[in-house]
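Number of protein chains: 2
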Amino acid sequence: MAAHQDPAQRVRRPPTILDVASQAGVSKSTVSNVVRGLPGVSDATRRRVRTAIEQLGYRPNVLARQLVQQRTSILGVVVGDLANPFFAEMAKSVERHAAARGYTAMFCNTEGDSQSELAGVETLLEYRVAGIVFLAFSGESRTMQETLEHQVPVVFLSCKADWGDVVSVDDVRGGRLGTSHLITAGHRRIAYISIPELEDQSDIARWQGYCEALEQARIEPPIRISWSPPSDHALVSGVDRKLLEVFTGPDRATAAFGSNDVAAISLQEFADRVKLRVPQDLSIVGFDDVPMAGLARIGLTTVAQPRDELAKLGIATIADRIERKLKGPPRTTLVGVSLVTRQSTGPPPEGL
Amino acid sequence: MAAHQDPAQRVRRPPTILDVASQAGVSKSTVSNVVRGLPGVSDATRRRVRTAIEQLGYRPNVLARQLVQQRTSILGVVVGDLANPFFAEMAKSVERHAAARGYTAMFCNTEGDSQSELAGVETLLEYRVAGIVFLAFSGESRTMQETLEHQVPVVFLSCKADWGDVVSVDDVRGGRLGTSHLITAGHRRIAYISIPELEDQSDIARWQGYCEALEQARIEPPIRISWSPPSDHALVSGVDRKLLEVFTGPDRATAAFGSNDVAAISLQEFADRVKLRVPQDLSIVGFDDVPMAGLARIGLTTVAQPRDELAKLGIATIADRIERKLKGPPRTTLVGVSLVTRQSTGPPPEGL
DNA sequence: GCAGCAGGTTGGAACGTTACAGGTTTTTCG
DNA sequence: CGAAAAACCTGTAACGTTCCAACCTGCTGC
Numbered sequence: 002m003a004a005h006q007d008p009a010q011r012v013r014r015p016p017t018i019l020d021v022a023s024q025a026g027v028s029k030s031t032v033s034n035v036v037r038g039l040p041g042v043s044d045a046t047r048r049r050v051r052t053a054i055e056q057l058g059y060r061p062n063v064l065a066r067q068l069v070q071q072r073t074s075i076l077g078v079v080v081g082d083l084a085n086p087f088f089a090e091m092a093k094s095v096e097r098h099a100a101a102r103g104y105t106a107m108f109c110n111t112e113g114d115s116q117s118e119l120a121g122v123e124t125l126l127e128y129r130v131a132g133i134v135f136l137a138f139s140g141e142s143r144t145m146q147e148t149l150e151h152q153v154p155v156v157f158l159s160c161k162a163d164w165g166d167v168v169s170v171d172d173v174r175g176g177r178l179g180t181s182h183l184i185t186a187g188h189r190r191i192a193y194i195s196i197p198e199l200e201d202q203s204d205i206a207r208w209q210g211y212c213e214a215l216e217q218a219r220i221e222p223p224i225r226i227s228w229s230p231p232s233d234h235a236l237v238s239g240v241d242r243k244l245l246e247v248f249t250g251p252d253r254a255t256a257a258f259g260s261n262d263v264a265a266i267s268l269q270e271f272a273d274r275v276k277l278r279v280p281q282d283l284s285i286v287g288f289d290d291v292p293m294a295g296l297a298r299i300g301l302t303t304v305a306q307p308r309d310e311l312a313k314l315g316i317a318t319i320a321d322r323i324e325r326k327l328k329g330p331p332r333t334t335l336v337g338v339s340l341v342t343r344q345s346t347g348p349p350p351e352g353l
Numbered sequence: 002m003a004a005h006q007d008p009a010q011r012v013r014r015p016p017t018i019l020d021v022a023s024q025a026g027v028s029k030s031t032v033s034n035v036v037r038g039l040p041g042v043s044d045a046t047r048r049r050v051r052t053a054i055e056q057l058g059y060r061p062n063v064l065a066r067q068l069v070q071q072r073t074s075i076l077g078v079v080v081g082d083l084a085n086p087f088f089a090e091m092a093k094s095v096e097r098h099a100a101a102r103g104y105t106a107m108f109c110n111t112e113g114d115s116q117s118e119l120a121g122v123e124t125l126l127e128y129r130v131a132g133i134v135f136l137a138f139s140g141e142s143r144t145m146q147e148t149l150e151h152q153v154p155v156v157f158l159s160c161k162a163d164w165g166d167v168v169s170v171d172d173v174r175g176g177r178l179g180t181s182h183l184i185t186a187g188h189r190r191i192a193y194i195s196i197p198e199l200e201d202q203s204d205i206a207r208w209q210g211y212c213e214a215l216e217q218a219r220i221e222p223p224i225r226i227s228w229s230p231p232s233d234h235a236l237v238s239g240v241d242r243k244l245l246e247v248f249t250g251p252d253r254a255t256a257a258f259g260s261n262d263v264a265a266i267s268l269q270e271f272a273d274r275v276k277l278r279v280p281q282d283l284s285i286v287g288f289d290d291v292p293m294a295g296l297a298r299i300g301l302t303t304v305a306q307p308r309d310e311l312a313k314l315g316i317a318t319i320a321d322r323i324e325r326k327l328k329g330p331p332r333t334t335l336v337g338v339s340l341v342t343r344q345s346t347g348p349p350p351e352g353l
């Protein structure tokens with residue numbers, strides 16, 4: 002009985018171009034020409050081949066194709082943390098724009114660990130990817146540069162390195178923008194907070210912008226906090242001494258600039274748990290403008306990155322490199338940032 | 002001068018196994034054996050080959066390898082929407098577990114569109130992926146089944162189809178669990194709300210669980226809302242007539258069960274905008290327990306899926322299929338759900 | 001009637017690997 | 001010491017494509 006055949010098991014080998022050729026009574030070259038839509042095939046033959054393809058359910062083997070062509074259409078994408086909404090959004094955009102240009106994206110999650118970043122890149126290179134898009138870069142610059150330079154085009158998208166093409170927002174400007182907003186509101190003690198796993202060149206640039214803004218306003222000294230928020234929000238270890246001191250101790254900071262929205266939202270969460278009111282007791286500015294930041298309940302003031310534009314430009318850049326349309330030394334493309342004002346910022350408490 | 006060389010441009014062809022062979026003075030077979038760590042190579046030779054590899058920076062070409070081996074170690078992953086935190090988390094877990102078993106994940110974002118789902122799968126098949134993991138499945142079951150069956154192992158992870166292996170939570174049970182929680186709290190008018198783009202078999206099962214719970218409590222009739230929340234949270238079109246009517250009209254619903262957390266949180270956002278208090282005026286239960294749900298400001302009561310466990314099981318299942326360790330007809334693995342109670346649920350308003 | 005040509009078609013050589021059936025050594029052992 | 005066994009190494013044939021030079025056919029035009 003048919004029921005005994007266990008159809009889910011049988012895995013038959015896919016037909017090759019040769020199968021199609023013999024079925025259609027032509028040579029493999031002709032089939033290849035038809036598949037690739039090249040001219041120089043009579044309509045009659047073309048039709049014959051097409052039906053043969055249809056009948057057999059032939060699907061070209063990209064691996065074989067790319068082996069002989071000496072180039073793949075795979076784009077490696079190195080992403081810091083897919084679970085971080087900013088990266089998730091970027092990954093999605095990148096995938097879409099890559100697909101639109103005929104590339105297939107291959108993602109590599111690194112957890113901000115330069116070890117697995119290197120391992121991921123190694124894997125991508127074994128697949129002979131056409132190019133690599135970094136959505137996050139730990140900054141192990143020398144090692145990475147050595148393994149990548151001359152190998153494959155690279156673009157740093159919304160992150161930075163001192164080599165390779167860069168497409169990102171002006172982080173320094175963004176840092177200044179967010180910080181000035183707080184200064185203008187009257188804050189004098191403003192902390193800068195970042196997540197160790199995500200501390201990279203971008204972070205440094207934002208920090209620099211922050212420092213510049215402070216300096217311009219003659220505020221000293223900058224306050225830098227490196228904080229790993231507990232992964233399980235539900236369990237913010239109520240008493241995070243360092244944070245408590247900065248935000249409730251004597252001479253406390255009345256505002257914080259988060260190097261990204263996740264940091265900012267985590268801080269907000271911390272504030273909520275220790276009953277610091279935002280923005281009455283503590284103003285918070287983030288960076289990225291992840292979708293969540295716009296929820297009424299979060300209402301995070303933040304420096305927005307035009308994600309889709311970045312992704313589009315990034316893919317365009319690397320595609321042009323791959324296709325040799327873009328030559329010459331590494332290029333840096335900066336796109337504008339904008340401040341989105343929401344409810345997490347306000348004037349400092351009276352007398353501070 | 003060196004500065005004129007434009008180093009970013011020169012792309013030299015990577016060395017092949019033959020280059021290594023001649024450099025080390027052995028045959029390519031031996032190099033291959035060394036690379037793959039096979040026995041039967043003397044220590045001296047092994048060392049010689051190793052240094053040659055080192056010197057040349059040789060990296061095996063996976064494409065060529067997989068061409069001759071007739072199988073790849075690429076795992077296709079079809080995901081509904083990378084920007085949805087649930088999928089993002091799952092994608093991350095899947096990638097990790099796949100990597101741990103030696104597979105490389107290739108993602109395909111579908112936007113819940115069965116058209117691009119099919120296109121994505123087509124691409125994956127052209128790459129001769131070893132298997133396909135569906136993290137979302139539109140339900141175009143017949144077409145997909147025809148193109149996939151016999152071709153490649155498939156697992157539906159946290160989603161459903163009537164063929165292929167399934168690893169998911171017991172959605173019906175989850176639906177009942179969430180709904181009962183509301184019934185127990187005293188609610189009698191409970192709406193079920195889902196997002197059209199994500200309506201699949203899982204959604205149907207959850208709906209079924211919801212209906213069962215109502216029936217058991219002798220509550221009639223079920224209320225189903227299909228709602229596309231505006232993508233830009235900031236602009237919830239204040240007057241979404243359908244929602245307004247259901248939740249503020251005569252005989253209004255006092256509670257809602259969201260078929261997933263994104264739906265639930267969007268509804269909460271809607272409630273916030275129209276000044277419905279949660280949970281005093283409206284109780285909300287979600288499904289998934291995305292990280293965001295645990296934020297103090299969101300505090301969403303929700304049916305939790307053990308994401309990492311699901312991913313692990315899913316990858317195990319498909320890996321066993323691929324490696325022929327698992328034979329026989331499609332298997333369904335269900336894992337438990339649990340209710341996480343937070344602040345979005347409470348008793349209904351007096352008199353309702 | 002035949003050179004020239006264009007359109008259509010083809011076979012073989014790559015691409016970089018692995019699999020495997022041999023071939024050499026070297027070692028073991030009676 | 002010689003033969004069998006073990007250990008090591010190699011050459012060749014795949015894998016499924018694309019690329020390209022060569023090969024057919026008719027047909028055109030003189």
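Chains as they are written, first to last, in the working numbering: chain A, 2 to 353; chain B, 2 to 353.
Virtual Cβ for every residue (Gly too), placed ideally from N, Cα, C.
- Fewer than three pairs of CB atoms, one per stretch, sit closer than 8 Å, so the segment 153-167 of chain A makes no contact with the segment 184-196 of chain A.
- With its beta carbon less than 7 Å from one in chain B, N110/A belongs to the interface.
- Around the Cβ of E123/B, a 10 Å sphere holds fewer than 16 other Cβ atoms; the residue is exposed.
- CA-CA distance, S43/A to A65/A, rounds to 26 Å.
- Contact between E118/A and V79/A holds: CB atoms are separated by about 6 Å, below the 8 Å threshold.
- Close partners of A84/A in chain B (Cβ separation under 8 Å): P86, A89, E90, K93 and P292.
- In the three-state scheme derived from DSSP, where H, G and I count as helix and E and B as strand, I226/B is classed as strand.
- Using a Cβ-Cβ distance cut-off of 8 Å, the segment 11-30 of chain B and the segment 193-210 of chain A are not in contact, since fewer than three pairs of beta carbons, one from each stretch, lie closer than that value.
- The Cβ-Cβ distance between V36/A and P61/A falls below 7 Å.
- At a Cβ-Cβ threshold of 7 Å, S227/B and S195/B count as neighbours.
- By the rule that beta-carbons nearer than 7 Å mark a contact, H98/A does not touch chain B.
- Inclusion of R49/A and A131/A in the CB contact set at 7 Å is not warranted, their separation being larger than that value.
- Using a 10 angstroms sphere on the CB of E55/B, the tally of other CB atoms stays under 16, which defines it as exposed.
- CA-to-CA, the gap between P223/B and V173/B works out to about 15 Å.
- Assignment of beta-bridge partners to N110/A by DSSP yields V80/A.
- Judged by DSSP secondary structure, I285/B falls within the beta strand (DSSP E) whose first and last residues are S284 to D289.
- Note: D166/B is bridge-paired with V156/B in the DSSP secondary-structure output.
- Under the Cβ criterion (8 Å, minimum of three pairs), the segment 307-322 of chain B counts as touching the segment 94-111 of chain B.
- Collapsing the DSSP output to three states places V27/A in coil.
- Residue contact check for Y104/A against chain B: no CB pair falls below 7 Å.
- Below the 7 Å Cβ cutoff, chain B contributes L68 as neighbours of A65/A, in chain order.
- Rounded to the nearest angstrom, the gap between the Cα atoms of E198/A and D114/A is 7 Å.
- A contact is defined here as three or more CB-CB pairs under 8 Å, and the segment 264-273 of chain A fails this definition with respect to the segment 321-337 of chain A.
- Taking CB atoms only, M145/A has no neighbour in chain B less than 7 Å away.
- Within the model, the alpha-carbon separation for P349/B versus Q344/A is close to 30 Å.
- A84/A sits close to E90/B, with the two beta carbons spaced by under 7 Å.
- Taken in chain order, the members of the segment 272-305 of chain A whose beta-carbon sits within less than 7 Å of a beta-carbon on chain B are D273, R274, P292, M293, G295, L296, A297, R298 and I299.
- Between the alpha carbons of I205/B and I266/B lies a distance of about 20 Å.
- Between the beta-carbon of G352/B and that of S284/B there is about 15 Å, and that puts the pair past the 8 Å contact cut.
- Residues of the segment 120-134 of chain A that bring their beta carbon within less than 8 Å of a beta carbon in chain B comprise E123, T124, L126, E127, Y128 and R129, in sequence order.
- Out of S139/B, D171/B and G259/B, the CA that lies nearest to the CA of D201/B is found in S139/B.
- The DSSP-derived three-state label of I191/A is strand.
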